[in-house]
Amino acid sequence: MSRDDALHFSVAIDLPQLRVEAEAALPARGVTALFGPSGSGKTTVLRLLAGLETHGRGRIALGESVWQDDANGIRLPTHRRPIGYVFQEASLFAHLTVRDNLAFALKRARTTEHPVGFDDAVAWLAIDHLLDRRPERLSGGERQRVAIARALLAQPRLLLMDEPLSAVDADGRDAILDTLEQLPERLGIPIVYVSHSIEEVSRLADHLVLMSAGRVLASGPLNTVFTRCDLPLAHGAHAGAVLQARVAEHRDTEHLSCLRFDGGQLLVSTVGRPVGAAVRVRITARDVAIALSAPTDSSVVNHLRAVISAISDDPNPGHCLVTLQVGAAVLLARITVHSCHRLALAPGMAVWALVKGVAVR
Amino acid sequence: MTPTPADLDAIWLTLRLAGTVTVLLLLLGTPLAWWLAHSRARWRGVVNALVALPLILPPTVLGFYLLVALGPDGPLGQLTRSIGLGALPFTFAGLVVGSLIYSLPFVVQPIRDAFIAIGPRPLEVAATLGARPLDAFFSVVLPLARPGFLTATVLGFAHTVGEFGVVLMIGGNIPGETRVVAIQIYDHVEALEYAQAHWLAGGLLLFSFAVLLALHTLNDRQARR
């Protein structure tokens, strides 16, 4: 049975420091990142979706079911919304063991068509060995893994995560990210993920809601929002594109893997994933150079045929931002204005994009 | 030297009074403590001050006003008479009412502070996991506030046991009805029965010490778990 569980919301709240007024429609599947600087209202939007902000107004609907519609006097309290919520800091019940924390959720779970079993959640989050411990005996990463498992056992139809990795050290973060990557496929429900880390967002998100000063600046597929030159993201130090690719082959003697995407292929250091596996590659704008002909005497391995779709100003003095169409994909290149003039670059020109660095996830 | 039947009566009466008052205060004080911990009402400060008043008010002052209020012509006295309870002064029920007020801060304040220390987060978490507010209160807040409830129970009980001034004012000195241990000690001293007085006073001293020791041990153990 297929169901349209797209999330539509239009919410507002006046906080002492900030007025939040946000509206968006999110896809029924996959991860939507609520992205923006601290204080932009990301967490508040998440809390409004969960019904945790009692003064919030507006309309929230998941598929057919309306959770809140203040104009018509509808408002489900938090405990009647089929959500899972992972808080920023450890939020385990201190008086219960890990097992009892999980059981708390399971006992009060809303039934669904695809229930998450106790053993499934424990296995996915690798917390089998922690079940009889109390929360204070867990590391930050372990606590968040338990908190995520507990949220899943509530059998949510919408999973809300508020910077779940901010209190987790780098090692733990990587392990949890690996798990989170697999969640969308396992759960088949929309996930809203609040973050201000471009790393996490480019690794997890399919859809991006960009927030600033309590408002939604843009909402759309991840790479579309990432590469839009009219948004601040494309002009940040870490501006870049995220491409969806597949492992095409491994060249073991050269310690390289070949990745194929909608605009060509990329050679990267050996990827520890099987042939055919989907991977994400992130290419930052400063790692892309432009040449007019295919360079034969360069050490740069990856050359991609591209067409310039736009050239825009960049806040970095002396630089400009070139938007490149590479097949169906879009890349950004940050080059000097000097080079731009020397090569007489203009929209519509066919060029070569020289990719100096590729981060594979 | 053994306790006289009158001494035993006084002990039994005191335990009955302290037990009744403690149970009632836990029942009535918990919602009040909850309100004090969570309300943003402007007159919360006033209520906080009223709750704390018995801490610093001389018991005789409290007892005097209670006597007036509960007396046949007092506002509370008229109320109790109109609902058929009769006049409360110089009865066990009157002692219970007086002690409820006298020991109120000792029960309400530890519970209120425990609620504040827990903060809103565990309740929010419980709600996101599908727990209704009452469910969340009993399954999350109550267990987390256990040290506060333990302190409240012990202090409320012990403080009621040690009460003297209020009892004297509104209870008088009726054997088996209002003559609690503290009054009995006073009577012994008045009659120069120092040995009898020692017996009861020493007992109260030991009792108070044992109760506080047990409380600290229990709370320490809880903290270390």
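Those protein sequence lines, which keep their order, are chains A and B. Throughout, this note's numbering is defined as the position within the first sequence, counted from one, plus 1. Throughout, this note's numbering is defined as the position within the second sequence, counted from one, plus 10. Backbone N, C-alpha and C fix where the C-beta goes; we use that ideal spot for every residue, glycine too. The structure displayed is predicted, hence computed values, not measured ones.
So, helix, strand or coil for residue i, using DSSP?
i: A:Gln245; result: strand
i: B:Phe100; result: coil
i: A:Phe262; result: strand
i: A:Gly358; result: coil
i: A:Ser213; result: strand
i: B:Ser109; result: helix
i: A:Phe36; result: strand
i: A:Ser3; result: Confidence at A:Ser3 is low in this model, with a pLDDT of 42, below 50, so its placement is unreliable and the value that follows should be read with caution. In this structure, A:Ser3 counts as coil in the three-state DSSP scheme.
i: B:Met179; result: helix
i: A:Cys321; result: strand
i: B:Ile195; result: helix
i: B:Trp53; result: coil
i: A:Val169; result: coil
i: B:Arg131; result: helix
Whose CA, out of the options, lies closest to the CA of residue i?
i: B:Thr24; options: B:Ala103, B:Val56, B:Ala146; result: B:Ala103
i: B:Thr32; options: B:Glu187, B:Arg189, B:Thr170, B:Phe74; result: B:Thr170
i: A:Val361; options: A:Leu267, A:Arg306, A:Leu332, A:Ala329; result: A:Leu267
i: B:Thr101; options: B:Val221, B:Pro185, B:Val199; result: B:Pro185
i: B:Val164; options: B:Val177, B:Asp17, B:Ser218; result: B:Ser218
i: B:Leu223; options: B:Thr188, B:Leu210, B:Ala205, B:Thr161; result: B:Thr161
i: A:Leu257; options: A:Leu166, A:Gln245, A:Arg274, A:Ala330; result: A:Arg274
i: A:Ala104; options: B:Leu114, B:Asp19, B:Pro99, B:Ser149; result: B:Ser149
i: A:Asn102; options: A:Leu126, A:Ile199, A:Val46, A:Leu154; result: A:Leu154
i: B:Val221; options: B:Gly172, B:Gln194, B:Gly181, B:Ala51; result: B:Gly172
i: A:Gln326; options: A:Thr254, A:His80, A:Asn224; result: A:Asn224
i: B:Gly81; options: B:Gly108, B:Leu215, B:Leu214; result: B:Gly108
i: B:Leu210; options: B:Thr227, B:Leu225, B:Ala192; result: B:Ala192
i: A:Ala292; options: A:Ala148, A:Val87, A:Arg335; result: A:Arg335
i: A:Phe262; options: A:Ser196, A:Thr271, A:Ala279; result: A:Ala279
i: A:Leu161; options: A:Thr112, A:Val356, A:Gln89; result: A:Gln89
i: B:Leu110; options: B:Ala62, B:Ile126, B:Asp123; result: B:Ala62
With a cut-off of 9 Å, does the C-beta of residue i fall near any C-beta of chain A?
i: B:Leu139; result: yes
i: B:Leu243; result: With chain B covering only 11 through 235, there is no way to say anything about residue 243 of chain B.
i: B:Arg131; result: yes
i: B:Asp145; result: yes
i: B:Glu134; result: yes
i: B:Ser49; result: no
i: B:Arg142; result: yes
i: B:Thr12; result: no
i: B:Val150; result: yes
Here's a check: name, in chain order, each residue in its chain whose Cβ is nearer than 8 Å to the Cβ of residue i, leaving out the five neighbours to either side.
i: B:Asn58; result: Leu46
i: A:Arg388; result: With chain A covering 2 to 362 only, the question about residue 388 of chain A has no answer from this structure.
i: B:Asp145; result: Ala136
Leaving out the 5 sequence neighbours to the left and right, which residues in its chain are closer than 7 Å to residue i when beta-carbon positions are compared?
i: B:Leu60; result: none
i: B:Ala201; result: none
i: A:Ala7; result: Ala26, Leu27, Pro28, Ala29, Gly64
i: A:Leu107; result: Phe119, Leu154
Measure from the C-beta of residue i to each C-beta in chain B and report whether the shortest distance is under 9 Å.
i: A:Gly85; result: yes
i: A:Phe105; result: yes
i: A:Leu53; result: yes
i: A:His197; result: no
i: A:Phe88; result: yes
i: A:Arg144; result: no
i: A:Ser11; result: no
i: A:Pro28; result: no
i: A:Arg151; result: yes
i: A:Thr79; result: yes
i: A:Ala360; result: no
i: A:Ser92; result: yes
i: A:Arg111; result: yes
i: A:Ala286; result: no
i: A:His239; result: no
i: A:His56; result: no
i: A:His304; result: no
i: A:Ala155; result: yes
Near residue i, what residues of its chain come up, given a Cβ to Cβ distance below 6 Å and the 5 sequence neighbours on each side ignored?
i: B:Gly166; result: Thr32, Leu35, Ser113, Phe116, Val117
i: A:Thr1; result: It is not possible to answer for residue 1 of chain A, since the shown part of chain A is limited to 2 through 362.
i: B:Leu76; result: Gly108, Ile180
i: B:Leu18; result: none
Would you check whether the ligand ZN has a heavy atom nearer than 8 Å to the C-beta of residue i?
i: B:Leu86; result: Annotation note on the ligand ZN: not contained in the displayed structure, which lists no ligands.
Between the segment 135–150 of chain B and the segment 339–349 of chain A, do at least 3 Cβ pairs fall closer than 8 Å?
-> The count of Cβ pairs closer than 8 Å, one atom from the segment 135–150 of chain B and one from the segment 339–349 of chain A, stays below three, leaving the stretches out of contact.
Segment contact flag, the segment 317–328 of chain A with the segment 221–236 of chain A, C-beta cutoff 8 Å, min 3 pairs = Verdict: yes, contact present.
Inter-stretch contact (C-beta, 8 Å, three-pair minimum) for the segment 253–267 of chain A and the segment 292–310 of chain A | The segment 253–267 of chain A is in contact with the segment 292–310 of chain A.
Indicate whether the contact test is met: 3 or more Cβ pairs, each with one atom in the segment 206–214 of chain A and one in the segment 36–45 of chain A, closer than 8 Å.
-> yes
Count the C-beta pairs between the segment 215–232 of chain A and the segment 48–60 of chain A that are closer than 8 Å, then say yes if the count reaches three, no if not.
-> no
The segment 70–86 of chain B contacting the segment 125–134 of chain B, beta-carbon criterion three pairs below 8 Å | no
Is the number of C-beta pairs between the segment 184–194 of chain A and the segment 157–173 of chain A that are closer than 8 Å three or more?
-> Three or more beta-carbon pairs drawn from the segment 184–194 of chain A and the segment 157–173 of chain A are found closer than 8 Å, and the two stretches are therefore classed as touching.
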